[in-house]
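I have placed the structure first, in the form of structure tokens, so that the comments after it can refer back to it.
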Amino acid sequence: MKIAFLSLSFFLVVQLSAFAQLDDMSYTDCIEKYRSVWGEDCSQCPNYNDSYVVYLKNTCEQAIDVMICVQEDSKDWKRYQHTSMASGDSLRAYACVGTGKYLAWARRAGDESVVFPSIDEVNTDY
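Here this note's numbering is used: the first residue of the sequence shown is 176, the next is one more, and so on.
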């Protein structure tokens with residue numbers, strides 16, 4: 176009986192620790208860059224020779240909401256937001272005349288208590 180109680184207690188502590196880590200984790204760590212390309216054809220860019228495209232994927236098991244900013248040569252940032260990005264899903268973000276810099280933020284899918292910065296805040300702070 177005592178061994179069963181200790182085993183159950185240990186199991187519960189391990190499970191609760193795992194849930195706490197999910198809540199405490201930075202969902203931005205789920206975003207992984209797997210490719211970037213200069214000069215890729217981009218239908219939204221009048222001249223794509225200087226375009227910078229970054230490819231990112233969700234490496235976590237949880238769905239996430241993502242905001243990506245890619246910097247234009249003017250030093251302004253172009254903003255992309257995706258909701259409910261499932262595990263393993265990927266996205267593409269670009270700047271028509273890019274610097275090669277990008278920023279990423281993520282939160283648990285649907286968690287409106289975590290607010291992404293506005294594009295004005297990104298342009299001011301970065």
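For every residue, glycine included, the Cβ atom is placed at its ideal position computed from N, Cα and C.
**Asked** Can you name the residues that DSSP bridges to residue 206?
**Response** Residue numbering aside, residue 206 sits at position 31 when the sequence shown is read from its first letter. Answer is 233, bridged to residue 206.
**Prompt:** Does the separation of the CB atoms of residue 239 and residue 254 fall below 9 Å?
**Reply:** Residue numbering aside, residue 239 sits at position 64 when the sequence shown is read from its first letter. Residue numbering aside, residue 254 sits at position 79 when the sequence shown is read from its first letter. Pairing residue 239 with residue 254 gives a Cβ-Cβ distance that is not under 9 Å.
**Message:** Can you look up residue 290 in the DSSP assignment and give me helix, strand or coil?
**Reply:** Translated into positions along the sequence shown, residue 290 becomes position 115. In this structure, residue 290 counts as coil in the three-state DSSP scheme.
**Prompt:** Which runs of the beta strand (DSSP E), 3 residues or longer, sit entirely within the segment 260-285?
**Reply:** 265-270, 273-283, all fully within the segment 260-285.
**Item:** Inter-residue spacing [alpha-carbon to alpha-carbon] between residue 291 and residue 220
**Value:** Indexing the sequence shown from 1 puts residue 291 at position 116. Indexing the sequence shown from 1 puts residue 220 at position 45. Those two C-alpha atoms are separated by around 26 Å.
**Request:** Under 8 Å Cβ to Cβ from residue 266, same chain only, skipping five residues before and after it: list those, please.
**Result:** One-based indexing of the sequence shown puts residue 266 at position 91. Excluding residues within five positions, the ones whose Cβ falls inside 8 Å are 230, 231, 232, 241, 243, 255, 257, 260.
**Request:** For residue 225, I'd like the list of residues in its chain whose CB is within less than 6 Å of its CB, leaving aside the five on either flank, ordered along the chain.
**Result:** The sequence position of residue 225 within the sequence shown is 50, counting from 1. Around residue 225: 272.
**Item:** Cβ shell of residue 268 (< 6 Å), same chain only, five flanking positions each side left out
**Value:** Working through the sequence shown from its first residue, we reach residue 268 at position 93. Only residues of its own chain outside the window of five on either side were considered, and among them 229, 243, 245, 255 have a CB closer than 6 Å to the CB of residue 268, listed in chain order.
**Prompt:** Do you know offhand how far residue 285's Cα is from residue 205's?
**Reply:** Mapped onto the sequence shown, residue 285 falls at position 110. Mapped onto the sequence shown, residue 205 falls at position 30. Cα atoms of residue 285 and residue 205: separation of roughly 16 Å, rounded to the nearest angstrom.
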